[in-house]
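The block underneath contains the structure these notes are about, expressed in structure tokens.
Protein chains: 2
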Amino acid sequence: MKTRERIIMSMIHLLEVQGYSATGLAEINAASQTPKGSLYFHFPGGKVEIAQAAIRVAAERTAQKLKTALAHRDLGVAIAAYVGMVAEDLRASEFCRGCPVANVAAELAASQEDLRQACEQAYFLWFGLLEQRLAQAGIVSSQAKVWANLILSAVEGALLLSRTYRSTEPLDLLARQLPEILPVGVNP
Amino acid sequence: MKTRERIIMSMIHLLEVQGYSATGLAEINAASQTPKGSLYFHFPGGKVEIAQAAIRVAAERTAQKLKTALAHRDLGVAIAAYVGMVAEDLRASEFCRGCPVANVAAELAASQEDLRQACEQAYFLWFGLLEQRLAQAGIVSSQAKVWANLILSAVEGALLLSRTYRSTEPLDLLARQLPEILPVGVNP
Chain A
13 MKTRERIIMS
23 MIHLLEVQGY
33 SATGLAEINA
43 ASQTPKGSLY
53 FHFPGGKVEI
63 AQAAIRVAAE
73 RTAQKLKTAL
83 AHRDLGVAIA
93 AYVGMVAEDL
103 RASEFCRGCP
113 VANVAAELAA
123 SQEDLRQACE
133 QAYFLWFGLL
143 EQRLAQAGIV
153 SSQAKVWANL
163 ILSAVEGALL
173 LSRTYRSTEP
183 LDLLARQLPE
193 ILPVGVNP
Chain G
13 MKTRERIIMS
23 MIHLLEVQGY
33 SATGLAEINA
43 ASQTPKGSLY
53 FHFPGGKVEI
63 AQAAIRVAAE
73 RTAQKLKTAL
83 AHRDLGVAIA
93 AYVGMVAEDL
103 RASEFCRGCP
113 VANVAAELAA
123 SQEDLRQACE
133 QAYFLWFGLL
143 EQRLAQAGIV
153 SSQAKVWANL
163 ILSAVEGALL
173 LSRTYRSTEP
183 LDLLARQLPE
193 ILPVGVNP
């Protein structure tokens, strides 16, 4: 892995586990096994710029997994697969890794405009994929928007609850419930 | 306001706006207009203990507002009032104040067991109120649990999205949608 990539991957991990403010440059150096100078060589803007890049890469990585889940032909199965994927990632990390976007948004949406925008772009990306998939299932556009909003909000919230409880129950309940309550699409 | 109370109120505000790690003791002193010594006099455990107390008080404060919203006779109106209250608080703070519990949970659920437990207790308290209100409306107990989980998750997630977008649209959509999709209670 190239240095720049290693720095980004380490930052994603640190944002997932402990967020932005708790993460110092020395820790990013140590985690990415890079000398101090290379952080500023690759990211002249320092920690903010590293976090921006990390959010962009994490958003794209999640979008790819989301696309895979949503490729299921049955809409209910697709949505359950998405929620199940989030629960599985949380379990695999022994409840350490939250959503890096949510963690940064929680800390910095009010104070760091560049990072707020990076988080917004990430949410827009995921929202768009959900909305498109719902529309594809024949749900009218105004309703696709409303349901994409509910699904994304509920998953981000349930991930936070699950991490806090050290149990995937909130996500598991959601994975079973959402397919049951989704509106049935009407093909025109 | 007494010193201890002033410290707690200042900490709640700082947790809402910027979270735990970004908040230093000097900032708590300044915000609460207390001399340095009084933080350790009132909270020998330092920042962790102040945050624990702040989460407890914030959880109780939100629980009171939640109870008021849920007192509406119509279940849909009650749930919409709860979501509307969260949106109103966010707007009133010009999108600065998030949920202090969510902010602390996002940063520290993985590393600070005392604060993880404080956040868990807060969520349990709010979840219990929602579950009870749904059961009161005649929804069977297994379904009341599932819907309380969806409502709490969706509101926490939509608050995060709304704060990130600097727009209450995610919460507003939820306030309109939830009353429409809630199961109708069957009185035995």
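Listed in order, the protein sequences are those of chains A and G. Under this note's numbering, the first residue of the first sequence is numbered 13, with each subsequent residue one higher. Under this note's numbering, the first residue of the second sequence is numbered 13, with each subsequent residue one higher. All C-beta atoms in this analysis are idealised placements derived from N, C-alpha and C, irrespective of residue type, glycine included.
Item to check | C-alpha gap between leucine 186 (chain A) and asparagine 161 (chain G), whole angstroms | outcome: 8 Å
Next on the checklist: Using CA atoms only, rank isn't needed, just tell me which of A:Ala121, A:Lys79, A:Phe53 and A:Met97 is closest to leucine 183 (chain A).
Outcome noted: Selected option, being the one with the closest Cα: A:Met97.
Checklist entry - Taking a cut of 7 Å between CB atoms, which residues from the segment 28-39 of chain G lie near chain A? => result Taken in chain order, the members of the segment 28-39 of chain G whose beta-carbon sits within less than 7 Å of a beta-carbon on chain A are Val29, Gln30, Gly31, Ser33 and Ala34.
Checklist entry - What does isoleucine 193 (chain G) touch in chain A if you count any residue whose Cβ is under 7 Å from its own? => result Ile193
Next on the checklist: Would threonine 15 (chain A) pass as an interface residue toward chain G - the criterion being a Cβ-Cβ separation below 7 Å?
Outcome noted: no
Checklist entry - So which residues of chain A does glutamine 64 (chain G) contact, with C-beta pairs closer than 8 Å? => result Listed along chain A, no residue sits closer than 8 Å to glutamine 64 (chain G) by beta-carbon distance, the nearest being about 14 Å off.
Checklist entry - Along chain G, in chain order, which residues have C-beta atoms closer than 8 Å to that of threonine 180 (chain A)? => result Here the premise fails: no neighbours, minimum Cβ distance about 12 Å.
Checklist entry - Looking at threonine 80 (chain G) and the ligand FAD, is the gap between the Cβ and the nearest heavy atom below 6 Å? => result Inclusion of the ligand FAD in the displayed structure is not the case, the ligand content being empty and no account of it being possible.
Checklist entry - Residues of chain G with a CB under 7 Å from the CB of asparagine 94 (chain A): which are they? => result Residue 94 (chain A) is actually tyrosine in this sequence, not asparagine. Chain G residues near tyrosine 94 (chain A): none, gap ~14 Å exceeds 7 Å.
Item to check | Chain-ordered neighbours of serine 123 (chain A) on chain G, where CB pairs are closer than 7 Å | outcome: Gln30
Checklist entry - Could you give the residue range of the alpha helix (DSSP H) that holds serine 50 (chain G)? => result First-last of the alpha helix (DSSP H) with serine 50 (chain G): 48-54.
Checklist entry - Three or more C-beta pairs closer than 8 Å, one from the segment 189-196 of chain A and one from the segment 129-145 of chain A: is that the case here? => result No, the segment 189-196 of chain A is not in contact with the segment 129-145 of chain A.
Checklist entry - Any residues in the segment 113-139 of chain G with a beta carbon nearer than 7 Å to a beta carbon of chain A? Which ones, in chain order? => result Those residues of the segment 113-139 of chain G that come within reach of chain A (Cβ to Cβ, closer than 7 Å) are Ala114, Asn115, Ala117, Ala118, Glu119, Ala121, Ala122, Ser123, Arg128, Cys131, Glu132 and Tyr135.
Checklist entry - Using a C-beta to C-beta distance shorter than 9 Å, which residues of chain A count as neighbours of glycine 88 (chain G)? => result Result: empty, since nearest Cβ-Cβ is about 15 Å, beyond 9 Å.
Next on the checklist: Just to make sure I have the definition right: I need the residues of chain A whose C-beta is within less than 8 Å of the C-beta of alanine 166 (chain G). Which are they?
Outcome noted: Leu162, Ser165, Ala166 and Gly169
Item to check | Contained alpha helix (DSSP H) runs [length at least 4] in the segment 110-146 of chain A, N- to C-terminal order | outcome: Restricting attention to alpha helix (DSSP H) runs no shorter than 4 residues, the segment 110-146 of chain A encloses them at 112-120, ordered along the chain.
Item to check | 7 Å Cβ cutoff, asparagine 199 (chain G) in contact with chain A | outcome: Residue confidence for asparagine 199 (chain G) is low, a pLDDT of 49 falling below 50, so the modelled location carries little weight; the figure read from the coordinates is stated next. No, asparagine 199 (chain G) lies away from the interface with chain A (no Cβ there is under 7 Å from its Cβ).
Checklist entry - How many Å lie between serine 33 (chain G) and glutamate 39 (chain A) at the Cα? => result 15 Å
Item to check | Whole-angstrom C-beta distance between alanine 81 (chain A) and threonine 4 (chain A), which should lie under 8 Å | outcome: A question about residue 4 (chain A) goes unanswered here, because the residues of chain A that appear run from 13 up to 200.
Item to check | glutamate 17 (chain A) to glutamine 45 (chain A) span [Cα, whole Å] | outcome: Each residue's alpha carbon lies about 12 Å from the other.
Checklist entry - Taking the Cβ atom as the reference point for each residue, do alanine 118 (chain A) and glycine 110 (chain G) lie within a distance shorter than 7 Å? => result Yes; because the gap between Cβ atoms is below 7 Å, this pair is in contact.
Checklist entry - Just reading off the alpha helix (DSSP H) that alanine 81 (chain G) is part of, what are its end residues? => result 58-82
Next on the checklist: Please tell me whether alanine 187 (chain G) has its Cβ less than 7 Å away from any Cβ of chain A.
Outcome noted: no
Item to check | Cross-chain neighbours of threonine 176 (chain G) in chain A, by beta carbon under 8 Å | outcome: Close partners of threonine 176 (chain G) in chain A (Cβ separation under 8 Å): Ala117, Ala121, Arg128, Cys131, Glu132 and Tyr135.
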